[in-house]
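Trainee:
In my numbering, the protein residues as written are 15 to 276.
#1: How many whole angstroms separate the CB atoms of residue 81 and residue 37, which I take to be in contact at a CB cut-off of 8 Å?
#2: Which residue marks the beginning of the beta strand (DSSP E) containing residue 95, and which one marks its end?
#3: Where in the segment 37–111 do unbroken runs of the alpha helix (DSSP H), each at least 4 residues long, occur, reported from the N-terminal end onward?
#4: Beta-carbon separation of residue 232 and residue 165 under 8 Å?
#5: Can you tell me where the beta strand (DSSP E) with residue 191 in it begins and where it stops?
#6: What residue from 254, 17, 268 has the CA that sits closest to residue 137's CA?
#7: Give the straight-line distance between the Cα atoms of residue 192 and residue 186, rounded to the nearest whole angstrom.
#8: Would DSSP call residue 164 helix, strand or coil?
#9: Could you please give the first and the last residue of the uninterrupted beta strand (DSSP E) stretch that includes residue 231?
#10: Give me the Cα-Cα distance between residue 133 and residue 147, rounded to the nearest whole angstrom.
#11: Assign residue 4 to buried or exposed, taking buried as 16 or more other Cβ atoms, counted over all protein chains shown, within 10 Å of its Cβ.
#12: As a quick exercise: from 118, 73, 40, 139, pick the residue whose alpha carbon is nearest that of residue 203.
#13: Buried or exposed for residue 22, going by 16 or more other Cβ atoms inside 10 Å?
#14: Under DSSP, the alpha helix (DSSP H) around residue 221 begins and ends at which residues?
#15: Is the CB-CB distance between residue 91 and residue 116 below 8 Å?
#16: Could you spell out where the beta strand (DSSP E) holding residue 123 opens and where it closes?
#17: Which value, in whole angstroms, describes the spacing of the CA atoms of residue 230 and residue 223?
#18: Return helix, strand or coil for residue 21, following the three-state DSSP convention.
#19: Could you round the C-beta distance between residue 130 and residue 267 to whole angstroms and report it? I think they count as a contact, below 8 Å.
#20: Suppose you measure from the CA of residue 145 to the CA of residue 83; what does that come to, to the nearest Å?
#21: Using a Cβ-Cβ cut-off of 7 Å (strictly less than) and excluding sequence neighbours within five positions of residue 15, which residues of its own chain qualify?
#22: Looking at the unbroken alpha helix (DSSP H) that takes in residue 175, where does it start and where does it end?
#23: Apart from the five residues on each side of it in sequence, which residues of its chain come closer than 7 Å, Cβ to Cβ, to residue 43?
#24: Report the partner residues of residue 170 according to the DSSP bridge assignment.
Here is the structure:
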């Protein structure tokens, strides 16, 4: 007897992260879930629920082709939802390229986990912010390119969510020009984890909208996401310069730097 459940592939499903919570939520809604992480050892909790697990290094083209062939065989060549949770933009691109034909076959949906930092110049995170901004732009372009084939592309503009992402905090090097505001730097690193939305709550909100017949192209979920939407929609972009330089001590640096040079 064939499996008639809708199929979702989710990358980055280690315990404590967003991908893991999304896998659980889709599974609870009756989806057939394929969950990946670098090692199956990180997916034992999902396997115990009956979720199908795979080891996948998303930076490895051969790994991606192997899992593509495996999933194609298991599903008869279709995939309803590809949900990526990766900080590496090129890994997302490789996954989309590999699974495009399966998504077209199913008239499926690509869901990319974006971030409010693609819109907000969140201090001390320029490289990460840029990667998320690129993901947003890639997703918007991809949406147009795949529209003739009835494949939807959704960006989840994610605010603060409790996850493993900021567990490994770093201190400023002793020769950093920002050392005078090191306390603000440390505060900034843990900011999303102090006020973030619990993983499971975030997953419920996201999945609830994704499984509707016509999900929005952009979903704003997580702490501060709605506020960022409001400010970015109705206020000039310069508001972020003022708010964030004040919040994380950058506004102090001019005077401190002059004092240091004196």
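Backbone N, C-alpha and C define an ideal beta-carbon position, used for all residues, glycine too.
Mentor: Short version:
#1: No, residue 81 and residue 37 are not in contact; Cβ-Cβ is about 15 Å, not under 8 Å.
#2: 95–98
#3: Within the segment 37–111, the complete alpha helix (DSSP H) runs of at least 4 residues are 58–61, 75–89.
#4: no
#5: If you look at residue 191, you'll find it isn't in any beta strand (DSSP E); DSSP assigns it neither H nor E.
#6: 254
#7: 8 Å
#8: coil
#9: Taken as a continuous stretch (DSSP letters only), residue 231 belongs to no beta strand (DSSP E), as it is neither H nor E.
#10: 7 Å
#11: Past the boundaries of the shown model lies residue 4; the chain is included only from 15 to 276, so the question cannot be answered.
#12: Ranking 118, 73, 40, 139 by CA distance to the CA of residue 203 puts 139 first.
#13: buried
#14: 213–224
#15: A contact, by the Cβ cut-off of 8 Å.
#16: 123–127
#17: 8 Å
#18: strand
#19: Between residue 267 and residue 130 the Cβ distance is about 24 Å, and since that is not below 8 Å, they are no contact.
#20: 29 Å
#21: Any reading at residue 15 needs caution, since the residue's pLDDT is 49, under 50, leaving its predicted position unreliable; the model's value is listed next. No residues qualify anywhere along the chain.
#22: Careful: residue 175 lies outside any alpha helix (DSSP H) and carries neither H nor E.
#23: If the five residues before and after residue 43 are omitted, its C-beta is found closer than 7 Å to the C-beta atoms of 221, 225, all from its own chain and listed in chain order.
#24: 127, 233
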